[in-house]
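First residue of the sequence shown? That's 2 in the working numbering, and the numbers climb one at a time after it.
Structure first, commentary second.
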Amino acid sequence: TAPPSLLSVRDLTVRYGQIEAVKGITLELREGEITTLVGANGAGKSTTLLALSGLLRQKTGQIRFAGEDISRLPPHQIVARGLVQVAEGRAILTTMSVRENLELGAYTRRDDEARIRQDFEQVLGLFPRLKERLDGFAGNLSGGEQQMLAIGRALMARPRLLLLDEPSMGLAPIIVQDIFRTLHQINQQGITIFLVEQNVRQALKLAHRGYVLENGLITLHGKADTLARDPRVLQAYLGG
Ligand code: ATP
Numbered sequence: 002t003a004p005p006s007l008l009s010v011r012d013l014t015v016r017y018g019q020i021e022a023v024k025g026i027t028l029e030l031r032e033g034e035i036t037t038l039v040g041a042n043g044a045g046k047s048t049t050l051l052a053l054s055g056l057l058r059q060k061t062g063q064i065r066f067a068g069e070d071i072s073r074l075p076p077h078q079i080v081a082r083g084l085v086q087v088a089e090g091r092a093i094l095t096t097m098s099v100r101e102n103l104e105l106g107a108y109t110r111r112d113d114e115a116r117i118r119q120d121f122e123q124v125l126g127l128f129p130r131l132k133e134r135l136d137g138f139a140g141n142l143s144g145g146e147q148q149m150l151a152i153g154r155a156l157m158a159r160p161r162l163l164l165l166d167e168p169s170m171g172l173a174p175i176i177v178q179d180i181f182r183t184l185h186q187i188n189q190q191g192i193t194i195f196l197v198e199q200n201v202r203q204a205l206k207l208a209h210r211g212y213v214l215e216n217g218l219i220t221l222h223g224k225a226d227t228l229a230r231d232p233r234v235l236q237a238y239l240g241g
């Protein structure tokens, strides 16, 4: 039997002024799963994530998270409910330490210090490289380490659903492997993941389910292994 739905999106449209970037999409994320949203440049993937996070307000349709309509909530209230997006482009604070960047992730939490400390240790367990560099400037980290820090910071907000926008972008293949392995571990810890990727092959390997977005519309969806064998996916995204 399928796990229950954690996020359900109905007929979502998102506009930038006159331009409709997302044209009425419907999708379902199941609790405990990794779902990936793949598609070419400009398909509307980032726009979709920003709308879910409440950062783009020019939208219609319904977004339900854990049974509640969050379509009209401001970003901080969405984060407080456990829907957390990893900051885009490794938007870490380069002149602050790694430790301070992680602590900032817990900034909006109201639960006790002990729980936060426990999560801090858990994040360092996932990212040993960060542990070695805790008191150094975040700006001195490599690109891959900065991406890990961005993910770690999001985890400090105690997400129930983690959204990621192309965490593999600009990273060497071996680092990408590392990041994807860590996403698998994070998911094993019970966190539902929605992963936007242009790296279609690896994303479908990691995910349970996938959606293909083209020009603002969902054109295909299904189990990830089925999609990875679909001739249309092979042709368009996996080089035949
Ligand atoms: P990429 O991988 O390049 O980020 P994407 O699938 O995430 O692609 P979006 O960034 O969501 O695509 O863009 C979807 C469409 O919306 C594109 O046609 C893009 O040009 C347009 N768009 C994105 N941001 C803006 C903006 N701030 N103002 C106007 N149009 C925008």
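Even glycine gets a Cβ: it sits at the ideal position worked out from N, Cα and C.
Please read all numbers here as calculations on a predicted model, not as lab measurements.
**Prompt:** Among 39, 187, 26, 236, which one has its Cα closest to the Cα of residue 157?
**Reply:** Here residue 157 refers to the residue found at position 156 of the sequence shown. Cα-wise, what sits closest to residue 157 is 187.
**Message:** Quick check for students: name the residue ranges of the alpha helix (DSSP H) that lie wholly in the region 118 to 160, counting only runs of 4 or more.
**Reply:** 129 to 133, 144 to 156
**Item:** C-alpha distance - residue 97 paired with residue 138, whole-angstrom precision
**Value:** For the purposes of this step, residue 97 is identified with residue 96 of the sequence shown, where counting begins at 1. For the purposes of this step, residue 138 is identified with residue 137 of the sequence shown, where counting begins at 1. Whole-angstrom Cα-Cα distance: 5 Å.
**Prompt:** What are the boundary residues of the alpha helix (DSSP H) that includes residue 201?
**Reply:** Here the question's residue 201 lines up with position 200 in the sequence shown. It spans 201 to 207 - the alpha helix (DSSP H) in which residue 201 sits, taken as one unbroken run.
**Message:** Does residue 190 come out as helix, strand or coil in the three-state DSSP assignment?
**Reply:** Residue 190 sits at position 189 when you count from the first residue of the sequence shown. Coil.
**Message:** Using DSSP's beta-bridge definition, name the partner residues of residue 238.
**Reply:** Numbered from its first residue, the sequence shown carries residue 238 at position 237. None; residue 238 has no bridge partner.
**Message:** Using C-beta distances below 6 Å, list every residue in its chain close to residue 238, excluding the 5 sequence neighbours before and after it, in chain order.
**Reply:** Residue 238 sits at position 237 when you count from the first residue of the sequence shown. The residues are 201.
**Item:** One or two residues paired with residue 98 in a DSSP bridge
**Value:** In the sequence shown, the residue the question calls residue 98 occupies position 97. BP columns for residue 98 point to 138.
**Request:** Please state if the CB of residue 221 and the CB of residue 213 are separated by a distance shorter than 7 Å.
**Result:** To locate residue 213, count along the sequence shown from 1; it is residue 212. To locate residue 221, count along the sequence shown from 1; it is residue 220. Yes, the pair counts as a contact, with Cβ atoms nearer than the cut-off.
**Message:** Can you tell me which residues form a DSSP beta bridge with residue 21?
**Reply:** Mapped onto the sequence shown, residue 21 falls at position 20. Bridge partners of residue 21: 16.
**Request:** Measure how close the beta-carbons of residue 128 and residue 153 come, nearest whole angstrom, since I'm counting them as under 8 Å.
**Result:** What you label residue 128 is simply residue 127 of the sequence shown in a count that begins at 1. What you label residue 153 is simply residue 152 of the sequence shown in a count that begins at 1. Going by Cβ atoms, the distance from residue 128 to residue 153 rounds to 6 Å, so yes, they are a contact pair.
**Prompt:** What do you reckon, are the CB atoms on residue 29 and residue 4 nearer than 7 Å?
**Reply:** As a working mapping, residue 29 is identified with position 28 in the sequence shown. As a working mapping, residue 4 is identified with position 3 in the sequence shown. Not closer than 7 Å, so no.
**Whole-Å CB distance - residue 34 paired with residue 161, under 8 Å assumed** = Here the question's residue 34 lines up with position 33 in the sequence shown. Here the question's residue 161 lines up with position 160 in the sequence shown. Contact flag wrong, Cβ pair sits at about 13 Å.
**Request:** Inspect the beta-carbon positions of residue 22 and residue 45 and report whether they are closer than 7 Å.
**Result:** Residue mapping note: residue 22 aligns to position 21 of the sequence shown, counting from 1. Residue mapping note: residue 45 aligns to position 44 of the sequence shown, counting from 1. Contact flag set, yes.
**One or two residues paired with residue 66 in a DSSP bridge** = In the sequence shown, counting from the first residue as 1, residue 66 sits at position 65. Partner(s): 8, 69.
**Asked** Between residue 12 and the rest of its own chain, which residues show a CB-CB distance below 8 Å, the 5 nearest in sequence each way excluded?
**Response** Position 11 of the sequence shown, counted from the first residue, corresponds to residue 12. Closer than 8 Å at the Cβ level, and outside the excluded window around residue 12, lie 25, 26, 27, 61, 62, 63.
**Prompt:** What span of residues does the alpha helix (DSSP H) with residue 79 cover, start to end?
**Reply:** Position 78 of the sequence shown, counted from the first residue, corresponds to residue 79. Where residue 79 is concerned, the enclosing alpha helix (DSSP H) stretches over 76 to 81.
**Request:** Name the residue from 72, 68, 36 whose alpha carbon lies nearest to the alpha carbon of residue 53.
**Result:** Within the sequence shown, residue 53 is the residue found at index 52, counting from 1. The residue with the shortest Cα to Cα distance from residue 53 is 72.
**Request:** In angstroms with no decimal places, state the Cα-to-Cα distance between residue 234 and residue 37.
**Result:** As a first step, residue 234 must be located in the sequence shown, where it is residue number 233. As a first step, residue 37 must be located in the sequence shown, where it is residue number 36. C-alpha separation (whole angstroms): 14 Å.
**Asked** So, using beta-carbon positions, are residue 106 and residue 79 closer together than 7 Å?
**Response** As a first step, residue 106 must be located in the sequence shown, where it is residue number 105. As a first step, residue 79 must be located in the sequence shown, where it is residue number 78. In this structure, residue 79 does not lie closer than 7 Å to residue 106 by Cβ.
**Message:** Are the CB atoms of residue 140 and residue 172 within a distance shorter than 7 Å?
**Reply:** Your numbering for residue 172 matches position 171 in the sequence shown. Your numbering for residue 140 matches position 139 in the sequence shown. It is not a contact, given that the beta carbons lie outside the stated cut-off.
**Message:** Taking the beta strand (DSSP E) that residue 166 belongs to, which residues open and close that run?
**Reply:** One-based indexing of the sequence shown puts residue 166 at position 165. Here the beta strand (DSSP E) through residue 166 covers 162 to 166.
**Message:** Let me check you understand the geometry: is the CB of residue 200 closer than 6 Å to at least one non-hydrogen atom of the ligand ATP?
**Reply:** Translated into the one-based positions of the sequence shown, residue 200 becomes position 199. Answer for residue 200: no, Cβ out of range of the ligand ATP.
**Prompt:** With respect to 6 Å, is the separation between the Cβ of residue 20 and the closest non-hydrogen atom of the ligand ATP below this value?
**Reply:** Within the sequence shown, numbered from 1, the residue matching residue 20 stands at position 19. Answer for residue 20: yes, Cβ within range of the ligand ATP.
**Item:** residue 101 versus residue 240: straight-line alpha-carbon distance, rounded
**Value:** The residue you call residue 101 lines up with position 100 of the sequence shown. The residue you call residue 240 lines up with position 239 of the sequence shown. Each residue's Cα considered, the two are about 43 Å apart.
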